[in-house]
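One structure is given below, encoded as structure tokens.
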Amino acid sequence: MTDSIASDLEPVGTPAPARVDHPAKRVAKQFVEDPVAVVGLVLFLLVALVALLAPVLAPQNPYDLAQLDIMDGGLPPGEASFGTGMTYWLGTDTQGRDMVSAIMYGLRISLFVATVSLGLAITIGTVVGVTAAYFGGRIDSLIMRIVDLQLSFPAILIALILLALLGRGVDKVVLALVIVQWAYYARTVRGSAIVERRKDYIDAARCLALSDRRIMFRHLLPNCVPPLIVVATVQIAQAIALEATLSFLGVGVPITEPSLGLLIANGYDYLLSGRYWISLFPGIALVVTIIAINLVGDRLRDVLNPRLSS
Amino acid sequence: MKVSRIALTAGLVAAGLPAMAQDLSIGVKSEATSMDPQFHQLSTNIQVLKNVFEALTTQDANQMVGPGLATEWEAVDDTTWRFKLREGVKFHDGSDFTARDVIYSFCRVPLVENSPSAYTLYTAGIANMTAEDDHTLVVETQSTNPLLPAEIWSIAILSADTLGAEDEIAYAPEGNCEGMGDVPQAPAFNSPDVAVGTGPYILDTYTRGSEMVVTRFDDYWGGTPDWARVTMRPITSDGPRVAALLAGDVDMIESPPIQDIGRIEQAGFKIVDALSNRIIYLHMQQVEDAPGISGTDGKNPLMDARVREAISLAVNREAIADRIMGGYAQPAGELLPPPMFGTSGREVDAYDPERAQELLAEAGYPDGFQITLGTPNDRYINDEQIAQAVAQMLARIGIDTRVDASTASQFFSRRNALEFPIYMAGWGAASGEMSSPLKSLVATYDEATGMGPTNAGRYSNPEMDAVLIEAMSTIDDAERDRLLQEAETMVLEDYGIIPLHYEQTVWAMKPELTYEPRMDQYTMASEVKPAE
């Protein structure tokens, strides 16, 4: 027991660093030590780049109905268009949509929906969570009971009901995702903020008669960020999967602007008949995206976890 | 030795056949909402309940009217019909069928409570019914109704005694009959003791969400039915229904998804299909300030027949039938497939996008406009895909089309609230003649007279209405045919409604079975026969 404390205090072998690195730099350094996580990060950046540049990269705009030709519907990978002669490297769906373009645009919608809803949900969740933790007492109880109530329902159920009421549309999917996700962030932030609240620097800030708002957001919040990042990376993958699920079930994005989930749903009807490509390739794109994000998220969790860091 | 070989052969034959020859199991797309045959006018109810209950007339696979519980009938004058009823017919509980049962059955129709889609449509026009003797019935109608024999196919005949009627029943319109006793309501029919008919099969069990089982009625007047026991299982998802057939859980399924037909055939199953009486059409809102249109300075371009014609010419019907329907659809130029009654043989509008663009320009919309196309996504075969294809084709002539797809229940209520400037839907003509689509889809909407109930485009052409009303009260078949053709031509030349295609209905079954495909799309267990 005493040994281990001693070794913690005086690391043997490696000389103590002369100066303390910026936390972000330390995290980056530790992050790259795991090659799998680096692969995940590279994959994710690639996916994000493709999604961002889809209008430039894609050979066709799959959302412009005038560019589609029904006579090209259901062509297998590698076939050429009857009209324009362009090659469909991953085939076409039944409407004659080039699958390569459809996947690029689909990724774009999936990532857009996920990041926008993530941003909004984090903002709401953080404000609510910090408020609950800082003031405690009745405010805390009230807010946390609402969070408990919401978390006790499955996210997919809430989202389905909302979209059944609101109708289809990208904006509506974003709204539904924000509503089902904010509670996770509120709970996470509150958890770490309650721990921080009892620390001396908060008391010190109070002694300086700083405003509540300033203490909450300038002192308390920055120290709650690491767990938030971990939850956010897990949740963004969840958000992508949830959007895909909703679209697959036919309540998400409009049918003329398919996201990955809707592309998979469209192809699902044709699986038995052997037209595998309509579902398979968007499915692969979805899986790769989610795995990449999860790899990054896992590593971040390890690096940011104070219990695991040496 | 010889004897044992024969016995062995017989044993093998017996072992190979009995399961097939006695029991039949059918995977249906949706289940009946009630076991009361007078409760809900819905094809899923009608097709299973026709096994248990019969009507005075029948309609064969081509919707030709034939004798049923009535052997013959004649129009005595314009509003009076005399029906000779079949003798020696027994109900499942052993009682005899007489004219009193018929009067009771017609009397009960308006007394059925909470019906989502009532059969009163067919009984409202009957002024009086009297029994001349036990097997002769005189029916008086309020106005001339040439379709009476076809329409009464829908009215199931129930047993007056089983349902607790008094000895004397006096007919009066609108549910004012006397001597009806305490009329059982729909839920009571879940019991086989109440659901008593004259049909070839007896209701055995009905388990909601799981199955309906009927057993053979040995005393059936039409000879011994083919199957000892028929099970109808609702399997709503297409994939599992096909899988159930492939795995041998069911012997036959209705509406396999057309993209899977190739695979089903490869697995050794038999496919039968028939052109149906169901037309898939586009209807356009033809009133000022229709919603969902922009880019026209507030005007409704669909009021202009040239715009409507342009829409029709822009649609490549061959491509839809070929690419999306896999060949199981026929491009339509009319509201019913020729040569059904009242069709004129009008040509299918040819695909001509150039002419369509010219027409748009002539009408003052050279750059098109934006519009929302409403469609259900789970009602008709590949409905959502067809709507997308139509949107694609309209986009090519400059009409920027947004597809608004929703489930059938949502779609129909939104459509009836006139939320869509243009929508796609389907219509199956129950009576098998042109008056059905004309009356429902394009006659001027009038709640009081019941005309145009499904005319959510609010198309209105008084001249056509006049011809149609004349046709509907003409008993002479040749004259009615001519008038119906005239009325239909007036609508289609005006592009008041745009026919897209006729659905083809498909059934898949084990090779040991045969089924004559029905135009009305019904899957009737009593018409499934063992193959010779």
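Chains V and C supply the protein sequences, listed in that same order. For the first sequence, our numbering begins at 287 and goes up steadily by one. For the second sequence, our numbering begins at 113 and goes up steadily by one. Each residue gets a CB set at the ideal place from its N, CA and C atoms; glycine is no exception. Given the structure is predicted, the values throughout are model-derived calculations rather than measurements.
Could you tell me the distance, in whole angstroms, from the CA atom of residue i to the CA atom of residue j?
i                            : j                         : result
threonine 617 of chain C     : tyrosine 440 of chain C   : 8 Å
tyrosine 471 of chain V      : isoleucine 522 of chain V : 12 Å
valine 240 of chain V        : leucine 514 of chain V    : Coverage of chain V is limited to positions 287 through 596, which leaves residue 240 of chain V absent and any answer about it impossible.
glutamine 500 of chain C     : glycine 139 of chain C    : 30 Å
aspartate 358 of chain V     : glutamate 470 of chain C  : 26 Å
proline 597 of chain C       : serine 456 of chain C     : A quick correction: the sequence has glutamine, not proline, at residue 597 of chain C. Each residue's Cα considered, the two are about 5 Å apart.
aspartate 461 of chain C     : isoleucine 392 of chain C : 15 Å
alanine 473 of chain C       : methionine 546 of chain C : 34 Å
glutamine 398 of chain C     : leucine 414 of chain C    : 6 Å
serine 424 of chain C        : leucine 452 of chain V    : 32 Å
serine 293 of chain V        : arginine 424 of chain V   : Any reading at serine 293 of chain V needs caution, since the residue's pLDDT is 47, under 50, leaving its predicted position unreliable; the model's value is listed next. Roughly 45 Å separates the two Cα atoms.
phenylalanine 567 of chain V : valine 574 of chain V     : 11 Å
isoleucine 511 of chain C    : alanine 388 of chain V    : 23 Å
phenylalanine 218 of chain C : alanine 230 of chain C    : 12 Å
valine 640 of chain C        : alanine 298 of chain C    : 28 Å
alanine 571 of chain V       : proline 362 of chain V    : 18 Å
threonine 519 of chain C     : valine 164 of chain C     : 31 Å
proline 642 of chain C       : threonine 635 of chain C  : 15 Å
alanine 127 of chain C       : glutamine 134 of chain C  : Any reading at alanine 127 of chain C needs caution, since the residue's pLDDT is 42, under 50, leaving its predicted position unreliable; the model's value is listed next. Going from the Cα of alanine 127 of chain C to the Cα of glutamine 134 of chain C covers about 12 Å.
glutamate 252 of chain C     : proline 450 of chain C    : 32 Å
aspartate 558 of chain C     : glycine 382 of chain V    : 42 Å
Take the Cβ of residue i as the centre, count every other Cβ of all protein chains shown within 10 Å, and call the residue buried at 16 or more, exposed below.
i                            : result
glycine 410 of chain C       : exposed
lysine 485 of chain V        : exposed
valine 466 of chain V        : buried
glutamate 225 of chain C     : exposed
glycine 369 of chain V       : exposed
alanine 366 of chain V       : exposed
valine 214 of chain C        : buried
alanine 314 of chain V       : exposed
phenylalanine 439 of chain V : exposed
aspartate 716 of chain C     : This structure does not reach residue 716 of chain C, given that chain C is present from 113 up to 644, and the question cannot be answered.
valine 475 of chain V        : buried
tryptophan 375 of chain V    : exposed
threonine 481 of chain V     : The question names threonine, but residue 481 of chain V is valine in the sequence shown. Its Cβ having fewer than 16 others within 10 Å, valine 481 of chain V is exposed.
Counting only beta-carbon separations shorter than 8 Å, does residue i have a partner in chain C?
i                         : result
methionine 357 of chain V : yes
alanine 352 of chain V    : yes
glycine 369 of chain V    : no
threonine 409 of chain V  : no
threonine 243 of chain V  : Nothing about residue 243 of chain V can be reported from this structure: the residues present for chain V run from 287 to 596 only.
threonine 412 of chain V  : no
threonine 380 of chain V  : yes
glycine 360 of chain V    : yes
serine 596 of chain V     : Since pLDDT at serine 596 of chain V reaches only 45, below the 50 mark, its modelled position is unreliable, and the value read off the structure follows with that caveat. Judged by the 8 Å Cβ criterion, serine 596 of chain V is not in contact with chain C.
Could you tell me whether the Cβ of residue i comes closer than 8 Å to any Cβ of chain V?
i                         : result
glutamate 496 of chain C  : yes
arginine 212 of chain C   : no
alanine 517 of chain C    : yes
aspartate 372 of chain C  : yes
arginine 592 of chain C   : no
isoleucine 436 of chain C : yes
valine 362 of chain C     : no
arginine 508 of chain C   : yes
arginine 514 of chain C   : yes
glutamine 500 of chain C  : yes
Margin query: I'd like to know if the region 257–272 of chain C and the region 150–163 of chain C are in contact, where contact means that at least 3 CB-CB pairs between them fall below 8 Å.
Written below: Look at the beta carbons and you see the region 257–272 of chain C touching the region 150–163 of chain C: at least three pairs across the two are nearer than 8 Å.
Next item on the list: Note down, in chain order, all residues in the region 546–566 of chain V with a beta-carbon under 9 Å from any beta-carbon belonging to chain C.
Entry: Flagged, chain order: Asn552, Tyr554, Asp555, Tyr556, Leu557, Leu558, Ser559, Gly560, Arg561.
Checklist line | Proximal residues, the region 516–547 of chain V versus chain C, C-beta separation under 8 Å | finding: For the region 516–547 of chain V, which is checked against every Cβ of chain C, the residues closer than 8 Å are Gly536, Pro540, Ile541, Thr542.
Checklist line | the region 308–317 of chain C contacting the region 327–343 of chain C, beta-carbon criterion three pairs below 8 Å | finding: They touch, by the three-pair rule.
Note to self: Quick test of the definition: if touching needs 3 or more C-beta pairs under 8 Å, does the region 311–325 of chain V touch the region 563–582 of chain V?
What the structure shows: When Cβ pairs closer than 8 Å are counted between the two stretches, the region 311–325 of chain V is seen to touch the region 563–582 of chain V, the count reaching three or more.
Notebook entry, point to check: If we count Cβ pairs, one from each stretch, closer than 8 Å, do we get three or more for the region 628–639 of chain C versus the region 162–173 of chain C?
Noted result: Touching, yes, given that three or more Cβ pairs across the two stretches are closer than 8 Å.
Margin query: Tell me whether the region 523–530 of chain C and the region 375–388 of chain C touch, counting them as touching only if at least three CB pairs, one residue from each stretch, are closer than 8 Å.
Written below: Counting Cβ pairs under 8 Å, fewer than three are found: no touch.
Next item on the list: May I ask you to verify whether the region 389–400 of chain V touches the region 325–337 of chain V, counting CB pairs closer than 8 Å and requiring at least 3?
Entry: Between the region 389–400 of chain V and the region 325–337 of chain V there are three or more C-beta pairs closer than 8 Å, enough to call the two in contact.
Notebook entry, point to check: Counting Cβ pairs, one atom from each stretch, are 3 or more of them under 8 Å apart for the region 379–390 of chain C and the region 535–551 of chain C?
Noted result: With a cut-off of 8 Å, the region 535–551 of chain C and the region 379–390 of chain C count as touching, because enough Cβ pairs lie within range.
Check: Going along the chain, which residues of the region 482–494 of chain C sit with their C-beta nearer than 7 Å to a C-beta in chain V?
Finding: Answer set for the region 482–494 of chain C: Asn489.
Checklist line | Validate contact between the region 236–249 of chain C and the region 200–216 of chain C using beta carbons, cut 8 Å, 3 pairs | finding: Enough Cβ pairs lie closer than 8 Å, so yes.
Item checked: the region 546–558 of chain V in contact with the region 430–450 of chain V per 3-pair CB rule at 8 Å -> Contact between the region 546–558 of chain V and the region 430–450 of chain V is absent, because fewer than three Cβ pairs lie under 8 Å.
Margin query: Quick test of the definition: if touching needs 3 or more C-beta pairs under 8 Å, does the region 503–510 of chain C touch the region 424–438 of chain C?
Written below: Yes, the region 503–510 of chain C touches the region 424–438 of chain C.
Notebook entry, point to check: Are at least three pairs of beta-carbons, each pair with one atom in the region 181–192 of chain C and one in the region 272–279 of chain C, less than 8 Å apart?
Noted result: Not touching, per the Cβ criterion.
Margin query: What are the residues in the region 374–394 of chain C lying within 8 Å of chain V by C-beta distance?
Written below: The residues in question are Gly374, Arg375.
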